[in-house]
Every structure is written in C-alpha cells, then in structure tokens.
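Below is one structure, written out as structure tokens, with a few remarks after it.
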Amino acid sequence: MDIAEADIVEGLQLVLQPGDILKEIEGLGNGHIQDLSDIPALEPDFQSFAVITLALTDLAGDGDIGQELHLNLDIALTAAETGHLVLSSLHTVNAGSTINRIIGMFEKEEEKQIRIRLADSLRWIVCQRLLPQIGGGRVAAFEILGSNLRVRDLILQGETEEKTFYDIIEGSQAFGMMTFDQCIAEHYRNGLINKETALAYASQRAALGRAIDTIRAAKGEKTTSIEGLAIDEGYEEPFK
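According to the numbering used here, the stretch in the sequence shown is residues 1 to 240, in order.
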C-alpha cells in the first residue's frame, strides 16, 4: 500500500529528517501556538478535512526549546485526538527512536497517559536517510512504520529485547511498512548504491549483510573471499 494513496483523514503523521517537501509548511508552531485556536485558517484545498502542521524543529530561539517541544507535542496529540490530520517533522534516527523520544519528552508521571494517547492517535511514521548514489547525487532510503494492533501494543508496553519496532516493521512489508535495511537492500539490488555505502547507512549491519549476500548469490557472485576449501575424503577413516 502506498501511503500517498492511502485514505488518511485523521491522526498523527510524522516525517523524520525531511527534505524540501515539508519546508514550506514547517513553522506553523514557531513556539507561538498556545492552543488550537491559534492555528491559522486553512486553505480551501483542504475543505474535506483539516490539515494541521506543527513544526517540532526550527523553533523560535527566544524560549525554552524543551518547553516548546512539549507544548507543540501536546497540541499535536490533542488535534489528532479530535479528528484532525496532523502532519509534522521531527529529527530522530528511526521509527522506534521517534516514539521513544516523544514519550521521553514528558514527565515520568505522564508517561502512561502519553503512551495511551500516542497509541490511539499515531497513524504513520516515515523516516528518511540520504545515501551517496553510484554515479553522483543522492538517493533516499526510507523506513515506514504504520499503526496496527502490534504497534499499538508495543507503544503501550514499551520495547523489550524480544519485541522491538524494528522486528514488527521487518515482518510487515505486506502492510506497507519497511525498515531502512530493507529499503537499502533494494537500492543495492537495483545498482543504485555499492556495498560499502549500504553497510555504512544500515540500522543492523548483520541483517543487511545477509540480505546483500543473498542478492549477490542470486546474481551468481561470490559472497566470501575464502577459496580452495574441499572435503577431506579420509576424514572418517579410522586412525592407523
């Protein structure tokens, strides 16, 4: 499922480390929004539903950034809970760390309530990394996390060694999700990046390394530099 084609009319959508696509609509927050009534009137293009963009970065430099982030996050969640479509950007390294960072911005005594609110309102998280491309330029790699029962449960309960957001995303490609490593592996398969670049930008180098070896093996390429190995024909013969 393509997110761009999905029928998304409410909830919280986060774009991480965005390019120019959101630059024009960033800045609504600017540290000056105190409640939903302060949000400017929307363009006629959005008559079918309200689109509210709250900037969680590039905040005004004349205040406490922590307080402003906390305020804007609270407003974003409130808007999403009341049926608005909230789009925002946030700088983190991947989808799982985004959720953990949002929760960590609130006081410990607020954590349980914030987990409930976030689990109910979050719809998608889209992360981006720009990789050097073979031949020049850059190519974008994406990590996409969508909301489902497993994701909501993990937001509520928190990650463990046995259950992580990475594991859920990795096993949910059929539902429109992908990890950075899956996207990077596809770029490598298509000849857009080399192996060194792929591993340098990996989230889990071992997992991506195995995926690259599978791709190379399918193309008939060597996956190891070890050569000349042979079975010892006399290995099982009794000692004399």
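Even for Gly, the Cβ is constructed at its ideal location relative to N, Cα and C. Since we're looking at a predicted model, the values are computed, not measured.
What span of residues does the alpha helix (DSSP H) with residue i cover, start to end?
i           : result
residue 151 : 149–157
residue 95  : 95–104
residue 244 : There is simply no residue 244 to check, as the chain begins at 1 and stops at 240 in what is shown.
For a test of the three-state rule: what should DSSP assign to residue i, helix, strand or coil?
i           : result
residue 128 : strand
residue 39  : Confidence is the limiting factor: at residue 39 the pLDDT is only 43, short of 50, which leaves the residue's position unreliable, though a coordinate-based value still follows. Looking at residue 39 - three-state DSSP - the assignment turns out to be coil, as it is neither helix nor strand.
Rounded to whole angstroms, what is the Cα-Cα separation between residue i and residue j?
i           : j           : result
residue 214 : residue 168 : 22 Å
residue 183 : residue 197 : 13 Å
residue 170 : residue 181 : 9 Å
residue 116 : residue 185 : 34 Å
residue 103 : residue 114 : 7 Å
residue 83  : residue 72  : 17 Å
residue 109 : residue 179 : 32 Å
residue 147 : residue 153 : 10 Å
residue 124 : residue 134 : 30 Å
residue 80  : residue 121 : 6 Å
residue 212 : residue 89  : 31 Å
residue 87  : residue 220 : 45 Å
residue 138 : residue 190 : 14 Å
residue 105 : residue 161 : 23 Å
Which residues in the same chain as residue i place their Cβ atom closer than 7 Å to its Cβ, once the five residues preceding and following it in sequence are excluded?
i           : result
residue 159 : 96, 165
residue 142 : 126, 127, 128, 178, 183
residue 94  : 127, 143, 180, 203
residue 199 : 205, 208, 209
Could you pull out every residue in the same chain whose Cβ sits closer than 8 Å to the Cβ of residue i, ignoring the five residues on either side in sequence?
i           : result
residue 216 : 222, 223
residue 194 : 134, 188
residue 140 : 19, 128, 129, 130, 131
residue 118 : 12, 77, 99, 102, 103, 155
Go through its chain and collect everything with a Cβ distance to residue i's Cβ below 6 Å, but skip five positions before and after it.
i           : result
residue 150 : 168
Ordered list of beta strand (DSSP E) runs contained in the region 137–214, each at least 3 residues: 138–146
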